[in-house]
Amino acid sequence: MSLITRRRLITTGLATAAGVAGLATAAKLSRKYGLVPPDCKGVYGAGETLTYGAERLFARHAMAREFPRSMISEKPFANEIAPPKEAFKKMQARGFVDWRLTVDGMVEHPMTLSLADLKTMPVHSQITEVSCEEGWSYIAEWIGTPLSNVLNEAGLKPGVKYIYYHAVEPYLWETIDIDEAMHPQTLLTMGMNNGDLPVGFGGPLRLRVPRQLGYKSLKFVTHITAIDSVKNIGKGLGSVDPEYGYAWYAGI
Amino acid sequence: MIKRLAPGLGGWGSWPPTLTAQNAVRMGRPGRWLCLRHTSSWYPLRVATLSPVRQKTSPRHAAVVRVTHWLTVVAFVALTVTGLEIVISHPRFYWGEVGNVNVKPAFTLPIPASRDTVPTGYKYVMPDQNGWSRYLHFEAAWLLLFTALAYGAWGLVSGHFKRNLVPVRGERGWRAIWARTRKYLRRSPPGRQEEKSYNVLQRVTYLVVIFVLFPLIMWTGLAMSPSFTGAFPATAWLVGGRQTARTLHFFLTWALIAFLVVHVVMIAISGFWRRMRAMTIGRARTEDEL
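Protein chains in written order, with numbering that gives the first Met the number 0: chain A, 0 to 251; chain B, 0 to 289.
Listed below in structure tokens is the structure:
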């Protein structure tokens, strides 16, 4: 037996058509306004897209909390780091004078900067919290130059959507979207609590991304590339994190 | 099928034919027009008024309650399993804004951790499951949020909260709560009235779970997000900092687990399958079954 009323037939048909059209439009608009993360596919893609999309929709320009100097942690926790390679130790012995940051990709003026070059740029300091996905946290003062300064100096070409940055070890790399990269608190950090940034905390150069969890704040940064798509890097999921099962967007 | 409906069709003499009795209940509201397909032809039929016998068995819970209840079950199980999995990576708890292995904890869970940087006293490290646990935790949190919004909006509009959850007039006080508690302690049978409606203890418990525990656990969860607290700093400082939010989030989890255990035990005592039927296909026991 099949049971059909004319009203049900018409409403179901219209609702289905509207739903399909609505979803297609929503997906297109979401992509256009940067609301879809690279790891949007798979079982957890829906949740991840909602989290990232909601943040970018409602809090794209929000500032991470900053704290009074009195709240700086006395004993911050450096977390484990891989033992430095010989080349790194040699550079450390010379005070990192030959540390270089390469800026390339979709920029007008690709460049290579030493730490001394970076220190000539406008200095910014912020007292923000490092929050690890494990649950622990600490507060420190971070001193450096906003990434936006370097990107503006290099001159971004139109169409840049992500900034791809990697560490002295090639297996450590990350990407952030252009909003996060140009955010005033996203900091190429060289100093911590009024001293040089210790190696344990990512010295000589760490990219602090205070609106996201600690794992986005990559240590030992040597290379920054402006790109329009993450598809051709690694497995195309935006960073090594989704490849190990972790979310690309770590704002929560 | 036509044969089963035949007693209600009323013959071709009376046009249009009408459906009556039991089968009509499944076919729509009384007075509604339906098309019945039989051997490649369509017959217009009109659903008859329901018989008084069927009218008595109204659903114990509204469809929205039943659907949102089970969506909440799915979300809650996913959130609890993944939440405890995430806790294992750092089974230490703190008060205030910050806390890490260099800070004295408020308390520590006597379990091994899934990270070797945490001193637990155990010689082994548990497998790290944080990746998928965090993905699923937030996905389930979205499901819970949408379910809560749908249920909350419907509950306000339909009068569900006022009618079914706010204690009835005359039972809004400690005296009524104490009276019903004594009844539980004496293990007296619940009586007919409670077959169709909640007693004062149930109402207060559901109100606390729905309007205190769930909102607080969402709040303390969001108070741990560096991005969310950036947009809404008050979520963190109102509860006393990020680590306090994490510790409260953990306590609230146990409060909800305690509720779940009592809830399921009470259902098992009062008739597990009957209650399951009430929360799924919706029918309560009829008058004559009681």
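Where is the CB? At the ideal position from N, CA and C, for every residue including glycine.
All values derive from a computational prediction rather than experimental measurement.
Could you name the residues of chain A that residue i contacts, counting a contact when the two beta carbons are closer than 7 Å?
| i | result |
| --- | --- |
| H68(B) | Per Cβ cutoff of 7 Å: no residues; H68(B) is ~21 Å from chain A at best. |
| G98(B) | W135 and S136 |
| R290(B) | In this structure chain B extends from 0 to 289, so residue 290(B) is not present and cannot be described. |
| E138(B) | Y43, A45 and G46 |
What's the C-alpha gap between residue i and residue j?
| i | j | result |
| --- | --- | --- |
| L206(B) | R171(B) | 13 Å |
| R59(A) | S187(B) | 58 Å |
| R276(B) | R282(B) | 7 Å |
| K230(A) | P209(A) | 25 Å |
| K276(A) | R245(B) | The shown model of chain A, from 0 to 251, leaves out residue 276(A), and the question about it has no answer. |
| W218(B) | T234(B) | 7 Å |
| A246(A) | D240(A) | 6 Å |
| A16(A) | A25(A) | 14 Å |
| L212(B) | L155(A) | 48 Å |
| R174(B) | F258(B) | 23 Å |
| P189(B) | S196(B) | 11 Å |
| L289(B) | G270(B) | With a pLDDT of 44 at L289(B), under the threshold of 50, the modelled position of this residue cannot be trusted, and the question is left open. |
| S251(B) | A267(B) | The amino acid occupying residue 251(B) in the given sequence is Leu; Ser does not appear at that position. Roughly 24 Å separates the two Cα atoms. |
| W131(B) | G244(A) | 6 Å |
| G95(B) | T279(B) | 44 Å |
| L144(B) | G235(A) | 30 Å |
| S136(A) | D176(A) | 24 Å |
| P297(A) | L255(B) | Summary: the structure shown does not reach residue 297(A), with chain A confined to residues 0 through 251, and so no result is reported for it. |
| G233(A) | V42(A) | 20 Å |
When you compare the CB positions of residue i and residue j, do they come within less than 8 Å of one another, or not?
| i | j | result |
| --- | --- | --- |
| T221(A) | V167(A) | yes |
| A180(A) | Q211(A) | no |
| V159(A) | G213(A) | no |
| A139(A) | P75(A) | yes |
| D38(A) | G44(A) | yes |
| T144(A) | P121(A) | yes |
| T180(B) | A74(B) | no |
| E173(A) | K218(A) | no |
| V97(B) | A112(B) | no |
| D195(A) | G202(A) | yes |
| V100(B) | Y93(B) | no |
| I142(A) | G199(A) | no |
| P104(B) | R91(B) | yes |
| L56(A) | L28(A) | no |
| W153(B) | V72(B) | no |
| I110(B) | I85(B) | no |
| A140(B) | G229(B) | no |
| L135(B) | T67(B) | no |
| Y164(A) | L204(A) | no |
Mind checking which residues open and close the beta strand (DSSP E) that includes residue i?
| i | result |
| --- | --- |
| P145(A) | S136 to P145 |
| I293(B) | The requested residue 293(B) is not part of the displayed model; chain B covers only 0 to 289. |
| Q125(A) | H123 to S130 |
| Y161(A) | Y161 to A166 |
| E173(A) | W172 to D176 |
| R282(B) | Per DSSP, R282(B) belongs to no beta strand (DSSP E) and is neither H nor E. |
| T101(A) | R99 to G104 |
| T188(A) | L186 to M191 |
Going along chain B, which residues have a C-beta under 9 Å from residue i?
| i | result |
| --- | --- |
| R223(A) | The identity of residue 223(A) in the sequence shown is Ile, whereas the question assumes Arg. What I223(A) touches in chain B: nothing, since even the nearest Cβ is about 22 Å away. |
| Y32(A) | What Y32(A) touches in chain B: nothing, since even the nearest Cβ is about 17 Å away. |
| P37(A) | Those within 9 Å of P37(A) in chain B number zero; the least Cβ separation is about 14 Å. |
| P209(A) | P225 and G229 |
Listing by chain order, which chain B residues have their CB less than 8 Å from the CB of residue i?
| i | result |
| --- | --- |
| L212(A) | P225 |
| A61(A) | S226, G229 and A230 |
Just to make sure I have the definition right: I need the residues of chain B whose C-beta is within less than 7 Å of the C-beta of residue i. Which are they?
| i | result |
| --- | --- |
| Y243(A) | G130 |
| K74(A) | N101 |
| G250(A) | S224, P225 and S226 |
| N78(A) | T116 |
| E54(A) | S226 |
| M70(A) | E96 |
Can you give me the start and stop residues for the alpha helix (DSSP H) that residue i sits inside?
| i | result |
| --- | --- |
| W247(A) | Unbroken run through W247(A): none, as it is neither H nor E. |
| I266(B) | R241 to M278 |
| M90(A) | E85 to A92 |
| D116(A) | L114 to K118 |
| G130(B) | N129 to S157 |
| T180(B) | W173 to L184 |
| G158(A) | It is not in any alpha helix (DSSP H) - G158(A) carries neither H nor E in the DSSP assignment. |
Residue i touches chain A at which residues, Cβ-Cβ below 8 Å?
| i | result |
| --- | --- |
| W141(B) | A45, G46, L49 and T50 |
| P232(B) | R64 |
| A235(B) | R64 |
| R245(B) | G134 |
Cβ of residue i less than 8 Å from any chain D Cβ?
| i | result |
| --- | --- |
| L135(B) | Protein chains in the displayed structure are A and B, and chain D is not among them. |
In chain A, what lies closer than 9 Å to residue i by C-beta?
| i | result |
| --- | --- |
| G239(B) | The contacting residues do not exist; G239(B) stays about 13 Å from chain A at best. |
I'd like to confirm something about residue i: is its beta-carbon nearer than 7 Å to some heavy atom of the ligand ZN, or not?
| i | result |
| --- | --- |
| E79(A) | Ligands in the displayed structure: none, and consequently the ligand ZN is not present. |
Q | Inside the stretch 198-222 of chain A only - beta strand (DSSP E) runs reaching at least 3 residues | A | 205-207
(Q) Just to confirm the assignment: which complete beta strand (DSSP E) runs, minimum length 3, are found wholly within the stretch 10-83 of chain A? (A) none
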